[in-house]
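Quick note on this note's numbering: the sequence shown kicks off at 614 and runs consecutively.
Structure first, commentary second.
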Amino acid sequence: MSVKIGAWNVSGALGKPEMAPVVLEMMQRIGADVWVLSEALDINEDLLVREDFERDGFEVQIVDREITDTRGDKMLVVLNRLGPKATKLALAHRQGASADISLASDGKAIRVVGAHFDDRREQSRLDMAQAFIDYKNANPNVPTILAGDINAMHGDDDIAKLLQSRRVRLAAFLIPMPRNLDGRLVAMADGRTMALLEQADMQDADSLHQPTMHYPIIPGVQLDHIMHPSEVRATNFEAHATYTNHRAITATIET
Numbered sequence: 614m615s616v617k618i619g620a621w622n623v624s625g626a627l628g629k630p631e632m633a634p635v636v637l638e639m640m641q642r643i644g645a646d647v648w649v650l651s652e653a654l655d656i657n658e659d660l661l662v663r664e665d666f667e668r669d670g671f672e673v674q675i676v677d678r679e680i681t682d683t684r685g686d687k688m689l690v691v692l693n694r695l696g697p698k699a700t701k702l703a704l705a706h707r708q709g710a711s712a713d714i715s716l717a718s719d720g721k722a723i724r725v726v727g728a729h730f731d732d733r734r735e736q737s738r739l740d741m742a743q744a745f746i747d748y749k750n751a752n753p754n755v756p757t758i759l760a761g762d763i764n765a766m767h768g769d770d771d772i773a774k775l776l777q778s779r780r781v782r783l784a785a786f787l788i789p790m791p792r793n794l795d796g797r798l799v800a801m802a803d804g805r806t807m808a809l810l811e812q813a814d815m816q817d818a819d820s821l822h823q824p825t826m827h828y829p830i831i832p833g834v835q836l837d838h839i840m841h842p843s844e845v846r847a848t849n850f851e852a853h854a855t856y857t858n859h860r861a862i863t864a865t866i867e868t
């Protein structure tokens, strides 16, 4: 069994008439079977390319990505063309969606959980990671993939070590910086969220930890991930250049 999974933070483009067709064209060119689209559209907007997705064979699930706070201004979209519509899934502080995939050719199945982790607090990310792990462990017979904008770096990456250095941590909290270049980015380099997932037998599809998000004044950082258990294999990882500061990432999962 082979499934191509994609994840992309599209920065609200699917609710914007001038940008939705651009995103659609790129997605069609990449050709994933399952998509996790973070910040797909504003909460008061329509998904402008829904009919296009459906014509391409996708079941469409739109999820308000927040649960416990009031910053629910963006929507998560999960697309599945190898199984039923994804079901909404509570992941501590936000909602995700779980997509079941099965191929009649071999009878095997996998599950893809799409999520957008909190960008503000490491403890919130840890809570969401633990909620995912609990969900995965409650369904041990189906390999479960985690995909999306996790807003966390591996702690042993060079850029994470730099951001966690004493001088950078101090500067981040004392010097006014643009949004996402403040203490939040430093916290994303903490490493505990990715370590927790790895302890639960979740491996990064990108063993090289390539940058997936780019900032004006610092090197790129890996915040978007496709994580898989050891019982399946990830191949053909790609980080696709896009018009946003997030790259679209894809990997082929093989059972």
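Backbone N, C-alpha and C fix where the C-beta goes; we use that ideal spot for every residue, glycine too.
Item                                                                                                                                                   : Value
Measuring straight from C-alpha to C-alpha, what distance separates H841 and I758?                                                                     : 5 angstroms
Between T868 and the rest of its own chain, which residues show a CB-CB distance below 6 angstroms, the 5 nearest in sequence each way excluded?       : M614, K721 and V845
Tell me which residue opens and which closes the alpha helix (DSSP H) that T806 is part of.                                                            : R805 to Q812
Excluding five sequence neighbours on each side, which residues of the same chain lie with their C-beta closer than 6 angstroms to the C-beta of A813? : I746
For E851, name the three-state secondary structure that DSSP assigns.                                                                                  : strand
Return the CA-CA distance between G696 and E672, expressed in angstroms with no decimal places.                                                        : 8 angstroms
Return the residue from the list M741, V635, L650 and R642 that minimises the CA-CA distance to G807.                                                  : It should be noted that the sequence gives Met, not Gly, for residue 807. It is M741.
I'd like the ranges of any alpha helix (DSSP H) spanning at least 4 consecutive residues and lying wholly in the region 636–693.                       : 663–668
How many Å lie between V725 and R860 at the Cα?                                                                                                        : 19 angstroms
Threshold first: 4 residues or longer. Then list the alpha helix (DSSP H) segments lying entirely within the region 742–788, N to C.                   : 771–776 and 779–787
Reducing DSSP to helix, strand and coil, say where A626 ends up.                                                                                       : helix
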